[in-house]
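Worksheet: one structure, shown below.
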Amino acid sequence: MALLEIEGLNRAFGGLQAVSNVGFSVSAGMIKGIIGPNGAGKTTLFNLISGLTAPQSGSIVFDNKPIHGLPPHEIAGRGIIRTFQNIKLFAKMTVLENVMIGVHRNSQAGFFSGLFNTPRCWPEEIRIRRKALDMLDFLSVAHLAGCDASGLAFGQQRHVELARALAAQPRLLLLDEPAAGLNMRETEQLGIVIGKIRDLGITVLLVEHDMSLVMNVSDEINVLCFGRMIAEGKPREIQKNPEVIKVYLGDDHA
Amino acid sequence: MSLKRYLPIITLSVLVVAVQVAVSLTGQAFYLTQLTMAAYYTVVAVGLCMLMGYAGQISLGHAGFFAIGGYTSAALTTADFSNASHGWLGHALIKTGCMAAAEDLYGAHLVRLNPWVACLAAITATVIIAYCIGLPVLRLKGHYLAMATLGFGSIISKIVVGTKVFGGADGISGVPPFTITATFGVCGEMQYRIPNYYFAWAVVICAALLMHNLVNSRVGRALRAIHGNEEAARAMGIDTARYKLNVFVLSAVFAALSGIFLTHYNGGIGPSEASIMKSVRYVAIVAVGGMANLWGAIAAGAGLNFLSLRGYFGSYDEAVFGLILTATMLFAPQGLLVKPEWLAGITAFFRSSARGRGNGAS
């Protein structure tokens, strides 16, 4: 049984069918790439999986349990963690605090222990801090820990957002165009990081425009076009698929 | 955990003592009355600072919660429970000290509720009302939330004016002292002026301590994350609706507590305490303090309320708070009592030039 199973997923906005009868599965431990031209419905698909948008029909099954219709925080609670195409860091918080939020789902302290700073929550606080620092270290941005998150360079913000997601110890990591806005060298480094993430045992679902990155790191690729899934296969097969070439380059090249 | 973390609290405590000693030595102990009242109003600002500054949820109805606390406690402690004191339940309540015999101004015998019981009832009422209001209203954001809470505030202010138990336009007077110990109660009597001053500021310090702890905890981080980016907070597993509701109720309880104590201190409460302008005043204080700045809110709360209570703003009292709010939004949206940009610039300049010199020498 695959870790994530999606079947017959539909979502329309007004007259626009953003995601139309999409179905695929992601096995544990793999890196699955999702590509498609602008407006293909990739981000909508991510919003559906992470619960920020509710599907109109279809099912999303994670670890043999249906998750469609659950609120985002419960989906995150089950281990599906995402990043955003237009990085969403918490303003007015330090880099370290941003990443500490990642540990939220794996910690307990509530309002009472927060108000009274009960000794019971001290070890947890230390654990949260250590985990966050580890993740910053993993992404080589530990030196930024004390900086204000909104004041960072774009590439650094990407790393911090990734560290925040990893601090949540995801079982499935959704990366929404992580290479957007990065230069070639940074993109190359990102490819290495994604490989390292897979080595941690985390399953990755990757939406990306940068073809070299997707083709390099993905084990399998799905192609979306106008909300429909038009192809699925290994990177090599996708590169040769006439349907895909038609979508990207036009009829003449097919 | 470390001493440094609690340095602001210690500073505030020292300041409270210093002010008392200073005004008493200079023979101006009458200031303590307004300083005590200002302290209670500051508790509202502390709670609102948590809600607005840290969690990013505005409320223009906090005078409503202040009034719910004050009026509930006032109504319950001034009511005569003689009729209810006969049955077994009445006897049990008197035995346990929940009710006690008393005399009114004209010497008539009556049975009154213990202020602690009234306080508990007032807090319970506040929690229930805050939950019922917060549950639907906190789904709104920005202007919409401001307007909805404004509506709540105006409902409460009209209810207290229009309801007979709450004394209509006259409010409730003759509220008995809130007995804390056998020899001390929260009341406006001269001989208790100094202990009352210390009690009020102890309440502020406790409130500040709780908020200070919360801000630096897991929950506080989650609240600030909601402020920073709600969608990302949800995607990271934070139950934003629950957190917002909890902090709303918490800040409402702070406002109610402040209302309860101030009502007993003043010996009464009037409908002006529930007015929209009072809510605006609390928001103005938090804004001047710098929104997400607990210490700024306390300084602004104590300072501005003291000036207002001493009558420095004359008949333009409410206009002054309106002006303060407008001017803060226009010229210092970050607040007046946070480290200003220009000051940060100067410090940075001196730091970098000092480093430059250091490099030159090496």
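Chains A and B, in that order, give the protein sequences.
Each residue of the first sequence is one higher than the last, beginning at 1 in my numbering.
Each residue of the second sequence is one higher than the last, beginning at 1 in my numbering.
For every residue, glycine included, the Cβ atom is placed at its ideal position computed from N, Cα and C.
Mind checking who residue i pairs with in its DSSP beta bridge?
i                        : result
cysteine 225 of chain A  : A:Arg228
histidine 109 of chain B : B:Glu103
proline 66 of chain A    : A:Val61
glycine 185 of chain B   : B:Thr179
asparagine 10 of chain A : A:Ser57
serine 173 of chain B    : B:Gly268
isoleucine 68 of chain B : Note: isoleucine 68 of chain B sits in no beta bridge, so no partner.
aspartate 148 of chain A : A:Thr94
methionine 25 of chain A : What sits at residue 25 of chain A in the sequence shown is serine, not methionine. The partner list for serine 25 of chain A (beta bridge, DSSP) reads A:Glu5.
isoleucine 80 of chain A : A:Leu172
glycine 33 of chain A    : A:Leu206, A:Ile221
valine 19 of chain A     : A:Arg11
glycine 56 of chain B    : Its beta-bridge partners do not exist; DSSP assigns none.
lysine 233 of chain A    : With the sequence shown as reference, residue 233 of chain A is identified as glycine, and lysine is not the correct amino acid for it. Paired residues: A:Ile221.
Pop quiz: residue i and residue j are said to be a contact at Cβ under 8 Å. What is the actual Cβ separation, rounded to whole angstroms?
i                           : j                            : result
isoleucine 194 of chain B   : valine 186 of chain B        : Not really, about 13 Å apart at Cβ, beyond 8 Å.
isoleucine 31 of chain A    : valine 204 of chain A        : 4 Å
alanine 75 of chain B       : phenylalanine 166 of chain B : 6 Å
methionine 211 of chain B   : valine 46 of chain B         : 6 Å
isoleucine 101 of chain A   : alanine 225 of chain B       : 5 Å
alanine 125 of chain B      : isoleucine 68 of chain B     : 6 Å
alanine 63 of chain B       : glycine 162 of chain B       : Their Cβ separation, rounded to whole angstroms, is 16 Å, which puts alanine 63 of chain B and glycine 162 of chain B out of contact at 8 Å.
valine 214 of chain A       : isoleucine 80 of chain A     : Valine 214 of chain A to isoleucine 80 of chain A, Cβ: 20 Å. No contact.
tyrosine 265 of chain B     : glycine 171 of chain B       : Not really, about 14 Å apart at Cβ, beyond 8 Å.
valine 244 of chain A       : isoleucine 230 of chain A    : 7 Å
glutamate 249 of chain B    : tyrosine 131 of chain B      : The sequence given here places valine at residue 249 of chain B; glutamate does not occur at that position. Yes, they are in contact, since the Cβ atoms of valine 249 of chain B and tyrosine 131 of chain B sit about 6 Å apart, within 8 Å.
phenylalanine 90 of chain A : arginine 78 of chain A       : Phenylalanine 90 of chain A to arginine 78 of chain A, Cβ: 22 Å. No contact.
serine 251 of chain B       : leucine 51 of chain B        : 4 Å
glycine 53 of chain B       : methionine 291 of chain B    : 4 Å
alanine 29 of chain B       : valine 23 of chain B         : 6 Å
leucine 234 of chain B      : proline 72 of chain A        : In the sequence on display, residue 234 of chain B carries arginine and not leucine. Confirmed, about 4 Å.
Thinking just about the alpha-carbon of each residue, which of the options is nearest to the one in residue i?
i                         : options                                : result
glycine 296 of chain B    : B:Gln28, B:Cys49, B:Met277, B:Met37    : B:Cys49
lysine 88 of chain A      : B:Met236, B:Tyr312, B:Phe306           : B:Met236
glycine 15 of chain A     : A:Gln239, A:Lys240, A:Gly227           : A:Gly227
arginine 21 of chain A    : A:Leu162, A:Pro37, A:Leu115, A:Gly41   : Before going on, a small fix: residue 21 of chain A reads as asparagine here, not arginine. Nearest of A:Leu162, A:Pro37, A:Leu115, A:Gly41 to asparagine 21 of chain A, Cα basis: A:Gly41.
isoleucine 75 of chain A  : A:Lys65, A:Gly51, A:Ala2               : A:Gly51
glycine 134 of chain B    : B:Asn246, B:Glu273, B:Val160           : B:Asn246
glutamate 188 of chain A  : A:Gly155, A:Phe46, A:Leu172            : A:Gly155
glycine 70 of chain B     : B:Leu336, B:Gly290, B:Gly311, B:Leu257 : B:Leu257
leucine 294 of chain B    : B:Thr26, B:Val44, B:Val16, B:Val19     : B:Val44
serine 217 of chain B     : A:Gly69, A:Asn86, A:Asn106, A:Glu125   : A:Glu125
tyrosine 40 of chain B    : B:Ala300, B:His227, B:His86            : B:Ala300
alanine 180 of chain A    : A:Asp134, A:Gly110, A:His159, A:Arg130 : A:His159
arginine 281 of chain B   : B:Thr326, B:Gly220, B:Phe261           : B:Thr326
glutamine 334 of chain B  : A:Lys92, A:Gly233, A:Ala28             : A:Lys92
glycine 58 of chain A     : A:Asn10, A:Lys246, A:Thr83, A:Ile197   : A:Asn10
arginine 310 of chain B   : B:Val16, B:Thr11, B:Ile9, B:Met37      : B:Met37
lysine 369 of chain B     : B:Asn213, B:Ala232, B:Gly174, B:Glu103 : For chain B, the structure presents residues 1 to 362; residue 369 of chain B sits outside this window and is missing.
isoleucine 298 of chain B : B:Gly228, B:Ile205, B:Gln57            : B:Ile205
arginine 112 of chain B   : B:Leu323, B:Pro176, B:Ser308, B:Arg139 : B:Pro176
Taking only beta-carbon positions, decide if residue i is within less than 8 Å of chain E.
i                       : result
cysteine 121 of chain A : Absent from the structure is chain E; the protein chains it does hold are A and B.
>> Any C-beta of chain B within less than 8 Å: which residues of the region 125 to 137 of chain A qualify?
In response: Glu125, Ile128
> What residues from the region 46 to 80 of chain B come within 7 Å of chain A, judged by C-beta to C-beta, listed N to C?
Replying inline: none
> Going along the region 223 to 240 of chain B in order, which residues come within less than 8 Å of chain A, judged by CB to CB distance?
Replying inline: Arg224, Ala225, His227, Gly228, Asn229, Glu231, Ala232, Ala233, Arg234, Ala235, Met236, Gly237, Ile238, Asp239, Thr240
> Residues in the region 205 to 222 of chain B with C-beta within 7 Å of chain A's C-beta atoms, listed in sequence order?
Replying inline: Leu210, Asn213, Leu214, Ser217, Arg218, Val219, Gly220, Arg221, Ala222
> Just checking, does the region 271 to 279 of chain B make contact with the region 148 to 159 of chain B on the three C-beta pairs under 8 Å criterion?
Replying inline: yes
> Contact between the region 3 to 14 of chain A and the region 44 to 58 of chain A: three or more CB pairs below 8 Å?
Replying inline: yes
> Of the residues that make up the region 285 to 313 of chain B, which ones have a beta carbon closer than 8 Å to any beta carbon in chain A?
Replying inline: Ala292
>> Can you pull out the residues from the region 42 to 67 of chain A whose beta carbon lies closer than 7 Å to at least one beta carbon of chain B?
In response: Ser50, Leu52
> Listed from N- to C-terminal order along the chain, which residues in the region 206 to 234 of chain A have their beta-carbon within a distance smaller than 9 Å of any beta-carbon of chain B?
Replying inline: none
>> Tell me whether the region 31 to 43 of chain B and the region 114 to 129 of chain B touch, counting them as touching only if at least three CB pairs, one residue from each stretch, are closer than 8 Å.
In response: no
> Do the region 286 to 305 of chain B and the region 98 to 116 of chain B make contact, defined as three or more Cβ pairs closer than 8 Å?
Replying inline: no
>> With three or more C-beta pairs closer than 8 Å as the rule, is the region 198 to 212 of chain A touching the region 168 to 176 of chain A?
In response: yes
>> Output needed in chain order: residues of the region 89 to 103 of chain A with a Cβ under 9 Å from some Cβ in chain B.
In response: Leu89, Phe90, Ala91, Lys92, Met93, Glu97, Asn98, Met100, Ile101, Gly102, Val103
>> I want to know whether the region 84 to 95 of chain B touches the region 263 to 272 of chain B - three or more CB-CB distances under 8 Å.
In response: no
>> Using a Cβ-Cβ cutoff of 7 Å, what residues of the region 80 to 106 of chain B are near chain A? List them in chain order.
In response: none
>> Beta carbons nearer than 9 Å to chain A: which residues of the region 243 to 254 of chain B have them?
In response: Tyr243, Asn246, Val247, Leu250
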